[in-house]
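Trainee: Basically the numbering used here = 1-based index in the sequence shown + 1. The C-beta atom is built at its ideal place from N, Cα and C for all residues, glycine as well. Please read these numbers as outputs of a predicted model, since none were measured by experiment. Dropping a structure here in structure tokens format, bear with me for questions.
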Amino acid sequence: MFHHLNHLLAHYGYGVVGLTVMLESMGAPLPGESMIIGAAIYCATTHQLDIVWVIAVAIVGAIMGDNFGYLIGRQIGYRVLARFGRHIGLNDQRLKLGRYLFHRHGSKVVFFGRFIAILRTFVALLAGANHMPWPKFLLYNALGGIGWAGGYGIAAYLLGKEAERISGPLGIAVGLVAAIVVIGAFVFLKRNEHRLTREAEAAAGARG
Numbered sequence: 002m003f004h005h006l007n008h009l010l011a012h013y014g015y016g017v018v019g020l021t022v023m024l025e026s027m028g029a030p031l032p033g034e035s036m037i038i039g040a041a042i043y044c045a046t047t048h049q050l051d052i053v054w055v056i057a058v059a060i061v062g063a064i065m066g067d068n069f070g071y072l073i074g075r076q077i078g079y080r081v082l083a084r085f086g087r088h089i090g091l092n093d094q095r096l097k098l099g100r101y102l103f104h105r106h107g108s109k110v111v112f113f114g115r116f117i118a119i120l121r122t123f124v125a126l127l128a129g130a131n132h133m134p135w136p137k138f139l140l141y142n143a144l145g146g147i148g149w150a151g152g153y154g155i156a157a158y159l160l161g162k163e164a165e166r167i168s169g170p171l172g173i174a175v176g177l178v179a180a181i182v183v184i185g186a187f188v189f190l191k192r193n194e195h196r197l198t199r200e201a202e203a204a205a206g207a208r209g
């Protein structure tokens with residue numbers, strides 16, 4: 002994967018970072034987060050790209066993509082998403098969850114959804130479909146995009162700078178800890194998605 006990523010970055014540079022992040026933010030199933038991390042490490046280890054520009058294009062791509070996604074969701078509406086959303090991973094449960102979350106925590110969902118893989122791809126579409134006011138969406142979307150791209154970019158860049166200094170048993174230990182953290186985060190998110198989905202279905206039943 003990193004070989005192909007390095008090939009893309011070497012040939013297309015900043016453009017592939019911005020485009021990948023933008024398309025993912027619009028709802029396409031692309032690895033925007035992995036692209037930022039890979040590009041930041043590429044900057045640190047090859048010095049062929051500038052980390053400042055990588056973060057800048059990622060932020061612009063995130064904000065533009067989310068706003069395009071918002072407009073798409075606003076235009077097609079909730080009914081179209083309910084009918085065809087399953088083709089892009091928006092099944093009935095996730096649509097109910099999205100409506101429930103936006104009803105209770107609209108601004109927080111837009112901001113923190115940028116950091117959660119399950120929400121990041123769909124949050125803009127759901128914000129538009131649920132008619133969240135655009136000025137509020139724009140503000141929290143921009144703040145989330147800056148924090149997400151900047152945070153991941155800087156952290157991965159610093160990790161890349163230190164990568165060559167970690168070797169032997171210490172490197173293996175760091176890798177194991179990282180794997181445990183990633184697996185634990187995935188399990189936590191899945192459990193909370195199921196819990197919130199049950200709450201959303203209960204709330205919908207109470208209203209209906």
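Taking 8 Å as the threshold (C-beta atoms), are Phe-103 and Ala-128 in contact?
Mentor: Yes, they are a contact pair.
Trainee: Roughly how many angstroms lie between the CA atoms of Ile-52 and Gly-33, to the nearest whole one?
Mentor: Straight-line Cα distance between these residues: approximately 16 Å.
Trainee: When DSSP labels each residue in this structure, what does Gln-49 get in the three-state scheme?
Mentor: Reduced to three states, the DSSP call for Gln-49 is coil.
Trainee: May I ask you to report which of helix, strand or coil DSSP gives Leu-159?
Mentor: Residue state, collapsed to three classes: helix.
Trainee: On the CB-based measure, 16 or more other CB atoms within 10 Å of its CB, does Glu-163 come out buried or exposed?
Mentor: By the 10 Å Cβ count, Glu-163 comes out exposed.
Trainee: Do the stretch 57-73 and the stretch 137-157 touch if we need at least three Cβ pairs shorter than 8 Å?
Mentor: Taking 8 Å as the limit for Cβ pairs, the verdict is that the stretch 137-157 does touch the stretch 57-73.
Trainee: Could you check where the alpha helix (DSSP H) with Thr-21 kicks off and where it finishes?
Mentor: Counting along the chain, the alpha helix (DSSP H) containing Thr-21 begins and ends at 15-27.
Trainee: Closest to Gly-28 by CA distance: which of Ile-37, Phe-123, Leu-144 is it?
Mentor: The candidate whose alpha carbon is nearest that of Gly-28 is Phe-123.
Trainee: Could you check if Ala-156 is buried or exposed, using at least 16 other CB atoms within 10 Å of its CB as the buried criterion?
Mentor: Looking at its Cβ environment, which holds fewer than 16 other Cβ atoms inside 10 Å, Ala-156 is exposed.
Trainee: Determine the contact status of Ala-1 and Gly-161, defining contact as a CB-CB distance below 8 Å.
Mentor: No answer is possible for residue 1: the residues shown for the chain start at 2 and end at 209.
Trainee: Could you spell out where the alpha helix (DSSP H) holding Leu-126 opens and where it closes?
Mentor: Run containing Leu-126: 124-130, per the alpha helix (DSSP H) assignment.
Trainee: Given that a residue counts as buried once 16 or more other Cβ atoms are within 10 Å of its Cβ, and exposed if not, what is Ala-45?
Mentor: Result: buried.
Trainee: Return the residue from the list Ile-38, Gln-49, Leu-159, Leu-31 that minimises the CA-CA distance to Tyr-13.
Mentor: Answer by Cα proximity: Gln-49.
Trainee: Answer yes or no: do Ile-73 and Leu-9 have a C-beta to C-beta separation smaller than 8 Å?
Mentor: No, the pair does not count as a contact, with Cβ atoms beyond the cut-off.
Trainee: Keeping to the same chain, check which residues put their C-beta closer than 7 Å to that of Asn-7; ignore five residues upstream and five downstream.
Mentor: Tyr-43.
Trainee: By the three-class DSSP mapping on this structure, what secondary structure does Phe-138 have?
Mentor: Phe-138: helix per DSSP, three-state reduction.
Trainee: Return the CA-CA distance between Met-36 and Arg-105, expressed in angstroms with no decimal places.
Mentor: Rounded to the nearest angstrom, the two C-alpha atoms are 32 Å apart.
Trainee: Please classify Gly-116: does DSSP put it in a helix, a strand, or coil?
Mentor: Reading the sequence as shown, one finds Phe at residue 116 and not Gly. Looking at Phe-116 - three-state DSSP - the assignment turns out to be coil, as it is neither helix nor strand.
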